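Residue numbers (my numbering): -18 to 120.
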């Protein structure tokens, strides 16, 4: 089962509307690109509250996950929504963001464990990275 839904990658590009109008097939290369983009962004360090790139990445993931038919994604979608709100609010404490990122990391790791296709390894990396960043923010 493919982790990602059948949406055209052009709909995942940051300049496009959040709601796709026409479902299209997404190639494995495009699915991998979304994972690679996120891993690269997070590898650069903790998110910046003012960083639009981080908010755009959250929006991309939320869109992909909402459209997915894969069970067990509701908690991740909920946590992404929470993280977006936290990063958009200047008053948010770092420990709150840390907790959300740790939860996202744990949930992502669960999905990685249940995935039998080629996405298992990068999803596991993403889960570990989210947990690591959450831990670094909680200090």
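Positions of the beta carbon are idealized from the N, C-alpha and C atoms, including for glycine.
Quantities reported herein were computed from a predicted structural model and do not represent experimental measurements.
Reduced DSSP category for residue i - H, G, I as helix; E, B as strand; rest coil
i: residue 119; result: coil
i: residue 81; result: helix
i: residue 98; result: coil
Own chain, CB closer than 8 angstroms to residue i, minus 5 neighbours either side, in chain order
i: residue 60; result: 81, 84, 85, 88
i: residue 39; result: 61, 64, 65, 68
i: residue 36; result: 65, 68, 69
Spatial neighbours of residue i in its chain, beta-carbon cut-off 6 angstroms, leaving aside the 5 residues before and after
i: residue 13; result: none
i: residue 73; result: 67
i: residue 118; result: 27, 75, 78, 79
i: residue 30; result: Confidence at residue 30 is low in this model, with a pLDDT of 49, below 50, so its placement is unreliable and the value that follows should be read with caution. Within the same chain, residue 30 has close Cβ partners 68.
i: residue 56; result: 88
Among the options, the one whose alpha carbon lies nearest that of residue i
i: residue 116; options: 43, 76, 55; result: 76
i: residue 34; options: 55, 98, 21; result: 21
i: residue 105; options: 93, 98, 43; result: 93
i: residue 108; options: 79, 99, 91; result: 91
i: residue 41; options: 97, 25, 51, 58; result: 58
Proximity test, residue i beta-carbon vs the ligand ZN heavy atom, cut-off 6 angstroms
i: residue 39; result: Looking at this structure, you won't find the ligand ZN or any other ligand, since it has none at all.
Neighbourhood of residue i by C-beta distance below 7 angstroms, restricted to the same chain and skipping five residues each side
i: residue 102; result: none
i: residue 47; result: 58
Check: Taking only runs of the alpha helix (DSSP H) that begin and end inside the region 13 to 92, which ones reach a length of at least 4 residues, in chain order?
Finding: 33 to 48, 55 to 69
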